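Notes for the one structure printed next.
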């Protein structure tokens, strides 16, 4: 068995073990679930929703849904693709809600949270702008493009896995990804990035 | 599958600070473990609330109260239109009787 196959087999065993512990209501398993998946899910949710606070809520809801329905998880897919399926569904519901939500009530990240008072402000502004260029460009895409970009480029899932999560054929995912990449390149070119 | 594309690297680099803090993760784990030991069988009302909360911004209780109030107003308005008091009913009966008499008279002629 080669190294990659061995790692994959170990990961699957660890996932199966985690699911069994969750189904047996082992409280420490909840801790493992958070440690292993919360931050990965948050990255995808932030890219899909384009809002950190909404993304945090979406991830919490995802994990709660997973815990609530863990007895129904039969292992037909891997735990992480099941979690992403729930997350994407929740993100879509959040996007519909976001449309109606008044921006007046949304908590924005304050300038103080973003900059370090000990460093030069102009330098930090340029740095921040450069740091978030691709992220902002992804945010300018339409929601279904953001989903495939986040899962393919950020989470590095295969087209087959994305197809299972989004519930669309691989061919559709491939063409969506191609269009998303083209659109992203256009946005980045407009902003003077490669 | 690892994508060696530079876009992956740049995106992951930009997103490396997007993480839950230690406190947030600890709180989340505590709440999840509490949820885990609770009964997994959600009641009918809990399921309805979950569907409702997934699609609307209005709390379920407020929604039910709102629909109740609107229904009450509508029913009251429609009922008022349909209700006929005794004197109106008598008048209607008399006029219909009068019409019958008139028709009978016309047919005799």
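Protein chains in written order, with this note's numbering: chain A, 1 to 194; chain B, 195 to 303. From the three backbone atoms N, C-alpha and C, an ideal C-beta is built for every residue, glycine too. What you are looking at is a predicted structure, and each value in this text was computed from that prediction instead of being measured.
Can you look up residue i in the DSSP assignment and give me helix, strand or coil?
i, result
"residue 281 of chain B", "helix"
"residue 28 of chain A", "helix"
"residue 290 of chain B", "helix"
"residue 200 of chain B", "helix"
"residue 252 of chain B", "coil"
"residue 170 of chain A", "helix"
"residue 78 of chain A", "coil"
"residue 107 of chain A", "Confidence at residue 107 of chain A is low in this model, with a pLDDT of 45, below 50, so its placement is unreliable and the value that follows should be read with caution. Here residue 107 of chain A sits in coil by DSSP."
"residue 213 of chain B", "coil"
"residue 57 of chain A", "helix"
"residue 51 of chain A", "coil"
"residue 221 of chain B", "helix"
"residue 265 of chain B", "helix"
"residue 156 of chain A", "coil"
"residue 208 of chain B", "helix"
"residue 232 of chain B", "coil"
"residue 186 of chain A", "helix"
"residue 161 of chain A", "helix"
"residue 191 of chain A", "coil"
Measure the CB-CB distance between residue i and residue j and report whether it falls below 7 Å.
i, j, result
"residue 134 of chain A", "residue 204 of chain B", "yes"
"residue 177 of chain A", "residue 148 of chain A", "yes"
"residue 30 of chain A", "residue 226 of chain B", "yes"
"residue 68 of chain A", "residue 41 of chain A", "no"
"residue 254 of chain B", "residue 243 of chain B", "yes"
"residue 195 of chain A", "residue 84 of chain A", "The structure shown does not extend to residue 195 of chain A, since chain A is modelled only from 1 to 194, so the question has no answer here."
"residue 173 of chain A", "residue 184 of chain A", "no"
"residue 34 of chain A", "residue 228 of chain B", "no"
"residue 94 of chain A", "residue 157 of chain A", "no"
"residue 212 of chain B", "residue 43 of chain A", "yes"
"residue 19 of chain A", "residue 64 of chain A", "no"
"residue 140 of chain A", "residue 187 of chain A", "yes"
"residue 153 of chain A", "residue 201 of chain B", "yes"
"residue 161 of chain A", "residue 81 of chain A", "yes"
Are there 16 or more other CB atoms within 10 angstroms of the CB of residue i, so buried, or fewer, so exposed?
i, result
"residue 49 of chain A", "buried"
"residue 190 of chain A", "exposed"
"residue 96 of chain A", "exposed"
"residue 10 of chain A", "exposed"
"residue 46 of chain A", "buried"
"residue 207 of chain B", "exposed"
"residue 60 of chain A", "buried"
"residue 223 of chain B", "buried"
"residue 245 of chain B", "exposed"
"residue 2 of chain A", "exposed"
"residue 238 of chain B", "exposed"
"residue 271 of chain B", "exposed"
For chain A, is any of its Cβ atoms less than 7 Å away from the one on residue i?
i, result
"residue 241 of chain B", "no"
"residue 215 of chain B", "no"
"residue 208 of chain B", "yes"
"residue 254 of chain B", "no"
"residue 203 of chain B", "no"
"residue 231 of chain B", "yes"
"residue 286 of chain B", "no"
"residue 195 of chain B", "For residue 195 of chain B, the predicted structure reports a pLDDT of 49, less than 50, and the residue's modelled location is therefore unreliable. A value from the coordinates is still provided. By this cut-off, residue 195 of chain B is an interface position."
"residue 275 of chain B", "no"
"residue 212 of chain B", "yes"
Counting along the chain, where does the alpha helix (DSSP H) carrying residue i start and finish?
i, result
"residue 195 of chain A", "Lying before the first or after the last residue shown, residue 195 of chain A is absent from chain A, which here runs from 1 to 194."
"residue 72 of chain A", "Premise fails: residue 72 of chain A is in no alpha helix (DSSP H) and is neither H nor E."
"residue 3 of chain A", "3-23"
"residue 137 of chain A", "133-139"
If we define contact as Cβ-Cβ less than 7 Å, is residue i a contact residue for chain B?
i, result
"residue 134 of chain A", "yes"
"residue 185 of chain A", "no"
"residue 80 of chain A", "no"
"residue 24 of chain A", "no"
"residue 17 of chain A", "no"
"residue 75 of chain A", "no"
"residue 44 of chain A", "no"
"residue 34 of chain A", "yes"
"residue 38 of chain A", "yes"
"residue 95 of chain A", "no"
"residue 27 of chain A", "yes"
"residue 63 of chain A", "yes"
"residue 153 of chain A", "yes"
"residue 30 of chain A", "yes"
"residue 86 of chain A", "no"
Can you check whether the C-beta of residue i is within less than 7 Å of a C-beta belonging to chain E?
i, result
"residue 166 of chain A", "Absence of chain E from the displayed structure is noted, the protein chains being A and B."
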